[in-house]
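Numbering (the numbering used here), first residue to last: 7 to 176. Working notes, beginning with the structure itself.
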């Protein structure tokens with residue numbers, strides 16, 4: 007037998023074996039010939055994205071609230087080390103992300119000299135500790151279209167600590 011014949015026989019045998027192992031139904035089903043193609047099932051439509059929470063909505067996915075935690079700024083400074091690759095804490099120093107000096111109480115998208123996405127600039131958000139707590143859980147949920155490529159900080163206490171540290175920055 008030529009090599010292509012052996013390949014076809016191997017494919018057919020494998021298909022029949024898999025059908026038998028999976029409780030493949032009646033004996034009337036035959037394996038598809040190796041030289042035919044089958045149409046792929048149409049891809050499922052992506053689920054519609056949930057709308058971003060309103061600018062004044064601070065509900066988190068987990069239901070945790072900022073008020074339930076006491077932030078520790080010293081611990082927050084340590085957690086913030088992961089943020090330093092993109093954010094500076096000195097006023098007027100923008101990196102990949104904007105300076106975070108004075109972020110608590112500031113309107114989103116307003117640091118001079120930083121190029122924000124329209125999603126961030128037009129979000130209507132004021133960065134209260136509660137809104138930061140929500141945002142740092144999952145930034146893309148709160149501001150869909152943000153260019154902040156960060157998955158978030160799932161640990162609520164660490165988020166509260168970072169916010170305590172950011173609150174000390176002027």
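Each residue gets a CB set at the ideal place from its N, CA and C atoms; glycine is no exception.
CB-CB length for residue 153 against residue 123, believed under 8 Å: Locating residue 153 in the chain shown gives position 147, counting from the first residue. Locating residue 123 in the chain shown gives position 117, counting from the first residue. Their Cβ separation, rounded to whole angstroms, is 5 Å, which keeps residue 153 and residue 123 in contact under 8 Å.
Complete runs of the alpha helix (DSSP H) confined to the stretch 89-152 [at least 4 residues]: The stretch 89-152 contains these whole alpha helix (DSSP H) runs: 124-127, 135-143 and 145-148.
Inspect the beta-carbon positions of residue 64 and residue 140 and report whether they are closer than 8 Å. Here residue 64 is taken as the residue at index 58 of the chain shown, counted from 1. Here residue 140 is taken as the residue at index 134 of the chain shown, counted from 1. Contact: yes.
Just to confirm my understanding: we take residue 151, look at its own chain, exclude 5 residues before and 5 after, and list those with CB closer than 8 Å. What are they? Translated into positions along the chain shown, residue 151 becomes position 145. Scanning its chain for C-beta atoms nearer than 8 Å, with the 5 sequence neighbours on each side dropped, one finds around residue 151 the residues 123, 124, 125 and 126, in chain order.
In terms of residues, what are the limits of the alpha helix (DSSP H) holding residue 175? Along the chain shown, one-based indexing puts residue 175 at 169. Annotation for residue 175: no alpha helix (DSSP H) segment contains it, and DSSP assigns it neither H nor E.
To which residues of the same chain is residue 136 closer than 6 Å at the C-beta, ignoring the five residues directly before and after it? Translated into the one-based positions of the chain shown, residue 136 becomes position 130. So the list reads 64 and 72, once near-sequence residues are dropped.
Do residue 129 and residue 119 have their C-beta atoms within less than 8 Å of each other? Here residue 129 refers to the residue found at position 123 when the chain shown is read from its first residue. Here residue 119 refers to the residue found at position 113 when the chain shown is read from its first residue. Contact: no.
On the criterion of 16 or more Cβ atoms from any shown chain inside 10 Å, does residue 106 qualify as buried, or is it exposed? Locating residue 106 in the chain shown gives position 100, counting from the first residue. The residue in question, residue 106, is buried, as its Cβ has 16 or more Cβ neighbours within 10 Å.
Determine the closest residue to residue 91 out of 83, 161 and 103, with distance taken between C-alpha atoms. Your numbering for residue 91 matches position 85 in the chain shown. Of the candidates 83, 161 and 103, the one whose C-alpha sits nearest the C-alpha of residue 91 is 103.
What residues in its chain sit with their C-beta under 8 Å from that of residue 132, if we drop five residues either side in the sequence? Here the question's residue 132 lines up with position 126 in the chain shown. If we look at residue 132 and ignore the five residues flanking it on each side, its Cβ neighbours are 61, 111, 112, 113 and 114.
Name the two residues that bound the continuous alpha helix (DSSP H) containing residue 81. Within the chain shown, numbered from 1, the residue matching residue 81 stands at position 75. Its alpha helix (DSSP H) spans residues 79-85.
Assuming residue 75 and residue 166 make a contact with CB atoms under 8 Å, what is their CB distance in whole Å? Residue numbering aside, residue 75 sits at position 69 when the chain shown is read from its first letter. Residue numbering aside, residue 166 sits at position 160 when the chain shown is read from its first letter. Contact holds; Cβ gap of about 4 Å.
Residue 98 and residue 171 - do their beta-carbons sit closer together than 8 Å? Taking the first residue of the chain shown as position 1, residue 171 is located at position 165. Taking the first residue of the chain shown as position 1, residue 98 is located at position 92. Not closer than 8 Å, so no.
Measure the alpha-carbon distance for residue 176 versus residue 77 and round it to whole angstroms. Translated into positions along the chain shown, residue 176 becomes position 170. Translated into positions along the chain shown, residue 77 becomes position 71. Residue 176 and residue 77 have their C-alpha atoms some 17 Å from each other.
Write down the C-beta distance between residue 159 and residue 174 rounded to the nearest angstrom, noting that I regard them as a contact closer than 8 Å. On the chain shown, residue 159 is found 153 positions in, with the first residue counted as 1. On the chain shown, residue 174 is found 168 positions in, with the first residue counted as 1. With 8 Å as the limit, residue 159 and residue 174 do not qualify as a contact, their Cβ atoms being about 18 Å apart.
Identify which residue in 148, 95 and 149 has its Cα closest to the Cα of residue 168. Counting from one through the chain shown, the residue named residue 168 turns up at place 162. Looking at the Cα atoms, 95 is the closest of the given residues.
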